[in-house]
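Engineer: Under my numbering, read the sequence shown as residues 247 to 422, first letter to last.
Backbone N, C-alpha and C define an ideal beta-carbon position, used for all residues, glycine too.
The model shown is predicted, which means the values in this text are computed figures rather than measured ones.
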Amino acid sequence: MKNFRNILLTALITIGAITSVLYISSCKDKCGSTTCQNGGTCSSNVCICPSGYSGNNCGTGWSTRYLGTYTCSRANCSPAVATINTWQSVITTDASNSGYTIDISNFDNGNTTVVGIVDSTINGISHLTISPAAGSYGVDATGSFDSTTNTINLKFTAAGVGGSGGYTCNMIMTKL
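#1: Measure the C-alpha to C-alpha separation of N322 and C415 and round it to an integer number of angstroms.
#2: What do you get for S297, buried or exposed, if any count of 16 or more other CB atoms within 10 angstroms of its CB means buried?
#3: Would you kindly work out how many angstroms separate the C-alpha atoms of V361 and S289, rounded to a whole number?
#4: Rounded to whole angstroms, what's the CA-CA distance from Y269 to A405? Just pull it up for me.
#5: Over what stretch of residues does the beta strand (DSSP E) that includes S289 continue unbroken?
#6: To the nearest angstrom, how far is the alpha carbon of S319 from that of I294?
#7: For N399, which residues does DSSP report across the bridge?
#8: Kindly indicate if chain B contains any beta-carbon less than 9 Å away from that of T339.
#9: Would you list the one or two residues that DSSP bridges to T310?
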């Protein structure tokens, strides 16, 4: 009987110790009633988000609002471009998944995927830049995303091989 009491007491103490450790470790990442994500830090019970993330728990990547399928149109090209001026593109999360990078497939109706960087979000408008890899030809663009209209407005330059044969256009991408 004494042996049973010792085993029971030891089991209860062990369960209590494990429960205490789990409770303490689960609460140390808390910031008020939330847990900061994506490298966010807590200051005065508010999550401070790293670049590329927002929200009360830093769980929303700046690029999230861009994701989806778009109807695209090109206008005001110089020199004029004699190809179809309306097409669809899809925006997905870039492989780096840094919260502020996106992939735009079928950019400029050319079966080309370009990487865009969302560099800030102010008053519902986020700014987007697209740059070719260093030393190569490709697309150079700047623009913005308006979350009230779900529209991306870009001004881009497409350079041909060796930097020749390029053109500059305005492009409007409207989320479906």
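Structural biologist: To lay it out plainly:
#1: 6 Å
#2: exposed
#3: 33 Å
#4: Unreliable placement is indicated for Y269, whose pLDDT of 43 sits below 50; the coordinate value is still reported in the next sentence. Going from the Cα of Y269 to the Cα of A405 covers about 58 Å.
#5: Run containing S289: T287 to S289, per the beta strand (DSSP E) assignment.
#6: 38 Å
#7: S390 and I418
#8: Chain labels in this structure do not include chain B; a single protein chain is all it has.
#9: Paired residue(s): none; T310 is not in a bridge.
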